[in-house]
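Q: Sharing a structure below in structure tokens format, with a few things to ask.
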């Protein structure tokens, strides 16, 4: 089932306009993002596709305030990132949930502690009910005292998702969350992520390589040559993975 | 910001993460705790011994320069041949300064343990934080503020520092008692009685708190580094490129090394003449330390280059293990820089210390071989005792010379029968001594070299003696220790500062000494070069067993006396050995910790070796091989650094003390330094090697 569509006419949670990012490799400068325009409404989910190294992760990092863009404007959760210092951007990130391809769990903490970590970072006692509910939801209620090294890749990603959602963020950024697990587990993880987000009315910006996974989104954007290429034909509940695949081919991705 | 940091320090996040980190990396945690504890304990032990040594020495007028008590004795005044009086140095002050130098050297020496401990803490935190880059990036991406991340590591450091400081105070108590029981003091001329021993807890706690503060300082730089980390890159696994910091430091060190050496060579004579002895010693030690530090910074490059040479020297068809060790050392040898530097510093200090004690022992031996070694001494060791009755018991081959006891130090004179001096000189068959003996007689004095140096007089000058027994100007007949020496049971340095006067002038010192014959010097007239002490001593022993005439008289052969003095010299410097032993233990912990950190970082590499068919034993051998290499290079650099350090120390000893010490490097010291370095390093590599083998097996098992 496709992800939720725009639900309100509230200001967008993400508004990127002409976003640019360049990297210098010695003498060579590579323009990764050349003017990205993107708007993500509250509750909206969007998949971004594109070949490796095109700048999808950089785009997410810019939205998260982890990378400073070289041009353009980024407004996230109502804040102009350019006007925020590192501290303010950090505090803003506490209102987001981030999921990485390589899970990034803290190896010394148990499953429960990893999920509760955002509360601790906030300086608050963990909301045990929320932690338990999410662990139940992701099917890891019986593994709370296990360490990440005792989990499979898929289970680790479920813990990472639980951690990203535990504080009910308004925006979730997911960087190829299914990229490091098998296809079946990937499907399950994505379904769960979309379901929980829909219930929470949170927005999702997700990077994926997989047409089948992108097909579950009401909106798919393609990143090519540093700009986003939207396709109205690929928006909506009836999009098939094949259609996305064809579009990728057309774009030469 | 600071208030935020304090809040974060006591917050849940820092509490949970720091506790987990400390528990997970137990080996590193304990290495850091022991670094603080042993470093502080070493300084505390020296502090306790020094406080008690001072307390004991303050009770005696000989060892307390501020004591107003002075013994009743003769007065001495040097006079030039032309009759000009010569100002002599205050013997007590001069001697006190000598011992102050030793005391300072011991205190400085104890800092070596402190330094190694601080380095362990610093590098442990640096390595741990480096290893946790991705974790820190994750915290930052989850919204942790810089002060929250800093609080995690500072909290770890506080815990390590607090436990280390507490253990440092605690461990110092039994160690101090053990050291005192073994006869150790900070000057070598006092004896600390356990029941009198006091523990300066206030100062001990201060020392441990400074140790704790060092641990906290150790965490600042790594934390500052980690807070500069690029979160997105670290999370993506793109390690930030090495900053130009280390290379800049190394660049500076490259300049510092030749510059320091040049400064040392050029300025040494100036320092030596212009500064008082203690300051000269401090400057010289400082320059050598600067040289050592510059070398430490250069060590990674040296290790990598030596590794390259080793790799080239290996035969082309070597086994995989040998090849891997050689290639690793050649390409990443710089990573072994810290363990190598630790081994180098510790063994360089040990080598320098042993070169110094060797020089001092050689001085004792050279002095004894001049004449003392071939004599048998009978010395009264109790009030009223006299050796006179033994004269009749000696066999005909014995040449017996009667002497008086000595006037109290520092104006020490004793009387000898002049005929005895003449016979003594002729028996030894040395024309220079015969010449002196011929000049000796009533109105003459023979001075020991140390006495001559103290009064700045030499052969042909005069020494004015005055006291209750009268006043007389005595001509210096010669300066030697080889005839006329009569053994006294006193500190070695004091025992060597004396003058010999003729029995005809004994009245000058009579009120202050026991008469001629109280003390005897006996030589073997039949075999003066190789005296038969057994034959000389046999009748005396019989006499001691059958009569009470020699009660309170000590009989000592010259060679036995020499051996005892050599042992005493060793014992005086034993405290340095203890300090350096603790430093060596710390170095072993540091090396083990560093290798463990490297092994942890390379666990996937070891897994690859296992998947390629290597056994656990092969993996263990790789780590042990690197350990052996670390020890070998560290040992070689220790010799390279320790020999000039030893040379400088002997030079400083010559400059500040009255001893005529000379530099010498026994070959077995070099061999022992290399062997001990390799042994220490291999021992330290055992645990990391075991871990590497076990870890590789586990990872493989887990798939």
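Chains as they are written, first to last, in the numbering used here: chain A, 97 to 349; chain B, 298 to 1000. The beta carbon of each residue, even a glycine, is placed where N, CA and C say it ideally should be. Quick caveat: nothing in here was measured; it's all calculated off a predicted structure.
(1) Establish whether the CB of residue 440 of chain B and some CB of chain A are separated by less than 8 Å.
(2) Which residue wins for smallest C-alpha separation from residue 376 of chain A, given the options A:248, A:180, A:173?
(3) With distances taken from CA atoms, which of B:767, B:814, B:797 is nearest residue 776 of chain B?
(4) With a floor of 3 residues, list each beta strand (DSSP E) that falls wholly inside the stretch 264-294 of chain A, ordered by position along the chain.
(5) Closest by CA to residue 813 of chain B, which one among B:505, B:867, B:676, B:952?
(6) Find out if the Cβ-Cβ distance for the pair residue 744 of chain B, residue 373 of chain B is shorter than 8 Å.
(7) Along the stretch 146-163 of chain A, where does the CB come closer than 7 Å to a CB of chain B? Name the residues.
(8) For residue 529 of chain B, go through chain A and note every residue whose CB falls closer than 7 Å to its CB, in chain order.
(9) Quick one: using the 10 Å Cβ neighbour count with 16 as the cut-off for buried, is residue 1001 of chain B buried or exposed?
(10) Residue 196 of chain A CB to nearest chain B CB: under 8 Å?
(11) Hey, does residue 903 of chain B have any beta-carbon neighbour from chain A nearer than 8 Å?
(12) Please work out which residues of its chain come closer than 7 Å, Cβ to Cβ, to residue 697 of chain B, disregarding the five sequence neighbours upstream and downstream, and give them in chain order.
(13) Just how far apart, CA to CA, sit residue 643 of chain B and residue 766 of chain B?
(14) Near residue 614 of chain B, what residues of its chain come up, given a Cβ to Cβ distance below 7 Å and the 5 sequence neighbours on each side ignored?
(15) What residues in the stretch 306-329 of chain B bring their beta carbon closer than 7 Å to a beta carbon of chain A?
(16) Against chain B, which members of the stretch 196-217 of chain A pass a CB distance test of less than 7 Å?
(17) List, from N- to C-terminal side, the beta strand (DSSP E) runs of 3 residues or more that fit wholly inside the stretch 770-828 of chain B.
(18) Are the CB atoms of residue 311 of chain B and residue 452 of chain B nearer to each other than 8 Å?
(19) Could I get the ranges of all uninterrupted alpha helix (DSSP H) runs contained in the stretch 704-752 of chain B, with 4 residues as the minimum, in chain order?
(20) DSSP three-state label for residue 152 of chain A, please.
(21) Please check if any C-beta of chain A sits within less than 8 Å of the C-beta of residue 436 of chain B.
(22) Restricting to Cα atoms, I'd like to know which of B:301, B:653, B:666, B:462 is closest to residue 828 of chain B.
(23) In three-state DSSP terms, what is residue 916 of chain B?
(24) Tell me the residue span of the alpha helix (DSSP H) that contains residue 865 of chain B.
(25) Residue 444 of chain B: buried (16+ other C-beta within 10 angstroms of its C-beta) or exposed?
(26) Under 8 Å by Cβ, that's how I've got residue 227 of chain A and residue 254 of chain A pegged, so tell me the actual separation to the nearest angstrom.
(27) Going by the CB atoms, is the gap between residue 712 of chain B and residue 779 of chain B shorter than 8 Å?
(28) Starting from the Cα of residue 836 of chain B, find the closest Cα among B:703, B:693, B:975 and give me that residue.
(29) With C-beta atoms as the reference, is residue 344 of chain A less than 8 Å away from residue 144 of chain A?
(30) Distance cutoff 8 Å, beta carbons only. Does residue 891 of chain B sit that close to anything in chain A?
(31) Less than 7 Å between C-beta atoms, sequence neighbours within five positions excluded: which residues of the same chain meet that for residue 154 of chain A?
(32) Counting only beta-carbon separations shorter than 8 Å, does residue 456 of chain B have a partner in chain A?
(33) Name the residues in the stretch 258-274 of chain A whose C-beta lies less than 7 Å from a C-beta of chain B; which are they?
(34) Which partner residues does residue 171 of chain A have in the DSSP bridge list?
(35) Alpha carbon to alpha carbon, how far is residue 478 of chain B from residue 854 of chain B? Give it in angstroms, no decimals.
(36) Ends of the alpha helix (DSSP H) at residue 498 of chain B?
A: The relevant details are as follows:
(1) Taking Cβ atoms only, chain A reaches closer than 8 Å to residue 440 of chain B, which makes this a yes.
(2) Coverage of chain A is limited to positions 97 through 349, which leaves residue 376 of chain A absent and any answer about it impossible.
(3) Considering only alpha carbons, the answer is B:797.
(4) Within the stretch 264-294 of chain A, the beta strand (DSSP E) runs of at least 3 residues that lie entirely inside it are, in chain order, 267-271.
(5) When each option's Cα is compared against that of residue 813 of chain B, the closest is B:676.
(6) For residue 744 of chain B and residue 373 of chain B, no; Cβs fall outside 8 Å.
(7) Residues of the stretch 146-163 of chain A with a Cβ closer than 7 Å to any Cβ of chain B, in chain order: 153, 157, 160, 162, 163.
(8) Here the neighbours are 157, 162, 163.
(9) Chain B is shown only over 298 to 1000; residue 1001 of chain B falls outside these bounds and no answer can be derived.
(10) It does: the Cβ of residue 196 of chain A has a partner Cβ on chain B nearer than 8 Å.
(11) Not one chain A Cβ lies under 8 Å of residue 903 of chain B.
(12) Result list for residue 697 of chain B: 688, 691, 817, 819, in chain order.
(13) C-alpha separation (whole angstroms): 56 Å.
(14) Low confidence applies to residue 614 of chain B: its pLDDT is 48, below 50, so where it sits in the model is not reliable, and the reading given next is rough at best. For residue 614 of chain B, same chain residues with a beta-carbon under 7 Å away, outside a window of 5 residues either side, do not exist.
(15) Against chain A - using a Cβ distance shorter than 7 Å - the residues of the stretch 306-329 of chain B are 308, 309, 310, 313, 317, 318, 321.
(16) Within the stretch 196-217 of chain A, those residues whose Cβ lies closer than 7 Å to any Cβ of chain B are, in chain order, 196, 200, 202, 204, 205, 209, 213, 214, 216, 217.
(17) Within the stretch 770-828 of chain B, the complete beta strand (DSSP E) segments at least 3 residues long are 796-799, 816-821, listed from N- to C-terminus.
(18) At the C-beta level, residue 311 of chain B and residue 452 of chain B come within 8 Å of one another.
(19) Counting whole runs of 4 or more residues, the stretch 704-752 of chain B contains the alpha helix (DSSP H) stretches 715-725, 728-736, 746-752.
(20) Helix.
(21) At a cut-off of 8 Å between C-beta atoms, residue 436 of chain B counts as an interface residue with respect to chain A.
(22) Comparing Cα-Cα distances from residue 828 of chain B to each of B:301, B:653, B:666, B:462, the minimum goes to B:666.
(23) In the structure shown, residue 916 of chain B falls within a helical segment according to DSSP collapsed to helix, strand and coil.
(24) Taken as a continuous stretch (DSSP letters only), the alpha helix (DSSP H) holding residue 865 of chain B covers 855-869.
(25) In this structure residue 444 of chain B is buried. Its beta-carbon is surrounded by 16 or more other beta-carbon atoms within 10 angstroms.
(26) Between residue 254 of chain A and residue 227 of chain A the Cβ distance is about 13 Å, and since that is not below 8 Å, they are no contact.
(27) Residue 779 of chain B is not a Cβ neighbour of residue 712 of chain B, given a cutoff of 8 Å.
(28) For the options B:703, B:693, B:975, the alpha carbon positioned closest to that of residue 836 of chain B is the one of B:693.
(29) Judged by their CB atoms, residue 344 of chain A and residue 144 of chain A are not nearer to each other than the 8 Å cut-off.
(30) So, not an interface residue.
(31) Excluding residues within five positions, the ones whose Cβ falls inside 7 Å are 117, 128, 129, 163.
(32) It does not; no Cβ of chain A falls within 8 Å.
(33) Taking 7 Å as the Cβ-Cβ cut-off against chain B, none of the residues of the stretch 258-274 of chain A qualify.
(34) In DSSP, residue 171 of chain A forms a bridge with A:111, A:176.
(35) Inter-residue distance for residue 854 of chain B and residue 478 of chain B is about 28 Å (C-alpha atoms, whole angstroms).
(36) Counting along the chain, the alpha helix (DSSP H) containing residue 498 of chain B begins and ends at 498-524.
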